[in-house]
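In order, the protein sequences belong to chains A and B. Residues in the first sequence are numbered from 0 upward in steps of one, following numbering that gives the first Met the number 0. Residues in the second sequence are numbered from 0 upward in steps of one, following numbering that gives the first Met the number 0. Step one of this worksheet: look at the structure below.
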Amino acid sequence: MTQPPLTKVLPKKNRDYYLCIGLEGSANKLGFGLIKQAVNDPLDTEVISNIRDTYNAPPGEGFMPRDTARHHKNWCCRVLKQVIKEAKEKLGSDFDLKKDVDCIAFTKGPGMGAPLHSVCVFARTLSLLNDIPLVPVNHCIGHIEMGRCVTKGLNPCVLYVSGGNTQIIAYSNNRYRIFGETLDIAVGNCLDRFARVLKISNAPSPGYNIEQLAKKGKHLIELPYTVKGMDLSMSGILQYLEQLTKSFLTNDFKFSKQKKRKLLEYLNDKDVIDSIEITVEDLCFSFQEHLFAMLVEITERAMAHVGANEVLIVGGVGCNMRLQEMMALMCRDRNGKLFATDDRFCIDNGVMIAQAGVLQHRCGYILEKLEDTRVTQTFRTDEVYVNWRE
Amino acid sequence: MASTDLYNNLPYKLKLNIPFENEKHIEYTLKSGVVTDELINIENNLKTDTALGDINKFVIEYHIINNNILSLNLHSIDIRLLRLISNNIMESIKLSIECIDEFAP
């Protein structure tokens, strides 16, 4: 079998490693990172710098494209200066952007148009100014490649769960194939919108705050559960819970006796049900349990389908410990293995864009015209030809 | 449709002169998508769309004066659109200039 063409372009100064800067800004996180990747092993990557700045909307509101783009424009230079400062500390004070960096990778899509465009303009200027090759990267591929690199999983089924995407992916014939995905909204978006109803803070992230509340939840209430083959749907469960929560909040944080009996019907004991007081924590707990059970179910089905025994969770929701715990239980029952990363790599960051970008660069990616770097809001994972894997 | 006809049909105009250090920097700013993206958009929309009607709502022409001034002429069908375009372009130019100032080799 032939080796993938991973050394079509050699590193600058005949080094035994590549240096790549990754610029990410597809949603409310602006993340820039610098990585050092060994020539002889593309999974041997050292993170030199990983700086992120998050735009947080006020509680009860989501982040708007215009405000997010303005945030990114304001922070681009400051974040990159911090990356260069860290690079000089780790690689030596003679580190020079123009002379040392092999390529600049940036997110081409998918994501929100205005923030993507801000970072793209910055990436193009930086590339032209310093004459460094520019590599447009698919955001989802960035997550997958960074997950593979950090966990060293060989060929895992990938569950990609974030604020904008929910996909179950497996690699086959030079493409990351989507086996199942959400039919409407993403799981992260679902959690964020529930947090808005409860007016939970958006810092550090709405999902994290829901997770903390859910840890204190004791009683599981019944919610809709919508898995359709390999796909799932989450807008129904969200709307149901939104209505439920609004009536709960207006009724002084209480449910009527009748409603409570319906929500806890599975307990089959009216006296026990009447003695239970449902709290906000219980709502968060039940919401998480239902959503994550749906994700675990489609992941298990995908594993059976492709004959894999490894699962890799990537994306912002992937750092939720309860999701990791539920997935680990499923993997244990199947004699499988779970790979997950922490918030440094799960949440959007520049390092993952750099990792995917340097792989494309090594395989000889050449930007033919600058128009090819135009950002796109819809850029599916399976559109990318993965020539760096066998 | 000739490009000058296109300008004449658009009643609202704004001229911006932006000084740069040299012509190279103007080229980087233009190439970085400040104007080129909008121009590409216009080129794609030059034909009248049968479903949407006339969608040529704005035009940007630019030229370089004395090798260091970028002169932009914005033409728009209404004042609101003109404000929107000029704001977007100014913000993008600002980002490019900031990048050039900080990271020029």
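Even glycine gets a Cβ: it sits at the ideal position worked out from N, Cα and C. All figures in this text were calculated on a predicted structure; none of them were measured in a lab.
Using DSSP bridges, identify the partner residues of residue i.
i	result
THR181 (chain A)	A:LEU231
LEU133 (chain A)	A:ILE103
VAL313 (chain A)	A:TYR159
THR375 (chain A)	For THR375 (chain A), which the question treats as bridged, DSSP gives no partner whatsoever.
LYS28 (chain A)	A:THR53
PRO18 (chain B)	B:ILE68
ALA339 (chain A)	A:ILE312
ARG174 (chain A)	A:SER171
GLY21 (chain A)	A:GLY32, A:ALA104
HIS62 (chain B)	B:SER70
LEU282 (chain A)	None, per the DSSP bridge assignment.
GLN166 (chain A)	A:TYR159, A:GLU180
THR44 (chain A)	A:GLN36
VAL226 (chain A)	A:LEU231
What number of angstroms, rounded off, separates the C-alpha of residue i from the C-alpha of residue j?
i	j	result
ALA202 (chain A)	ASP347 (chain A)	15 Å
ASP191 (chain A)	CYS318 (chain A)	15 Å
VAL357 (chain A)	MET293 (chain A)	35 Å
ILE99 (chain B)	LYS14 (chain B)	23 Å
HIS62 (chain B)	LEU71 (chain B)	7 Å
PRO155 (chain A)	ALA169 (chain A)	7 Å
ILE275 (chain A)	PRO205 (chain A)	27 Å
GLU90 (chain B)	ASN208 (chain A)	34 Å
ASP48 (chain B)	ILE84 (chain B)	For ASP48 (chain B), the predicted structure reports a pLDDT of 47, less than 50, and the residue's modelled location is therefore unreliable. The matter cannot be settled from this model.
SER92 (chain A)	PHE102 (chain B)	16 Å
LYS198 (chain A)	VAL279 (chain A)	12 Å
GLN176 (chain A)	GLY146 (chain A)	According to the sequence provided, residue 176 (chain A) is Arg. The question's Gln does not apply to it. C-alpha separation (whole angstroms): 16 Å.
LYS11 (chain A)	LYS98 (chain A)	8 Å
SER75 (chain B)	THR67 (chain A)	26 Å
LYS28 (chain A)	GLY315 (chain A)	11 Å
ARG69 (chain A)	CYS189 (chain A)	25 Å
LEU79 (chain A)	PRO57 (chain A)	26 Å
LYS46 (chain B)	ALA213 (chain A)	Interpretation of LYS46 (chain B) is limited by its pLDDT of 49, a score under 50 that renders its predicted location unreliable; no figure is taken from the coordinates.
ILE39 (chain B)	ASP332 (chain A)	Since pLDDT at ILE39 (chain B) reaches only 48, below the 50 mark, its modelled position is unreliable, and no value is offered.
ILE96 (chain B)	ASN55 (chain A)	26 Å
LEU222 (chain A)	MET233 (chain A)	11 Å
LYS258 (chain A)	ILE277 (chain A)	11 Å
ASP52 (chain A)	ALA185 (chain A)	23 Å
LEU125 (chain A)	ASP381 (chain A)	29 Å
VAL134 (chain A)	ILE352 (chain A)	10 Å
GLU60 (chain B)	ASP183 (chain A)	42 Å
THR244 (chain A)	VAL100 (chain A)	51 Å
Using beta carbons (cut-off 8 Å, strictly below), is residue i in contact with chain A?
i	result
TYR11 (chain B)	no
LYS30 (chain B)	yes
PRO104 (chain B)	yes
ILE17 (chain B)	no
Does residue i come within less than 8 Å of chain B when only Cβ atoms are used?
i	result
CYS19 (chain A)	no
CYS330 (chain A)	no
LYS12 (chain A)	no
LYS97 (chain A)	yes
LYS7 (chain A)	no
LEU243 (chain A)	no
LYS80 (chain A)	yes
LEU311 (chain A)	no
LEU369 (chain A)	yes
When you check each C-beta in the segment 87-101 of chain B against every C-beta of chain A, which residues fall closer than 7 Å?
GLU90, SER91, LEU94, SER95, GLU97, CYS98, ILE99, GLU101
Closer than 8 Å between beta carbons: that is the criterion. Which residues of the segment 118-144 of chain A meet it against chain B?
CYS119, VAL120, PHE121, ARG123, THR124, LEU125, LEU127, LEU128, ASN129
In chain order, what residues of the segment 50-76 of chain A put their CB closer than 7 Å to some CB of chain B?
LYS72, CYS75, CYS76
Contact between the segment 15-27 of chain A and the segment 349-368 of chain A: three or more CB pairs below 8 Å?
yes
Which residues, in order along the segment 54-66 of chain B, keep a beta-carbon less than 9 Å from a beta-carbon of chain A?
none
Residues from the segment 249-281 of chain A in contact with chain B, defined by Cβ distance under 7 Å
none
Three or more C-beta pairs under 8 Å: does that hold for the segment 362-376 of chain A against the segment 40-52 of chain A?
no
Scan the segment 104-115 of chain A for residues whose Cβ lies nearer than 8 Å to a Cβ of chain B and list them as they occur along the chain.
none
Contact between the segment 150-166 of chain A and the segment 17-29 of chain B: three or more CB pairs below 8 Å?
no
When the Cβ atoms of the segment 244-255 of chain A are set against those of the segment 318-328 of chain A, are three or more pairs found closer than 8 Å?
no
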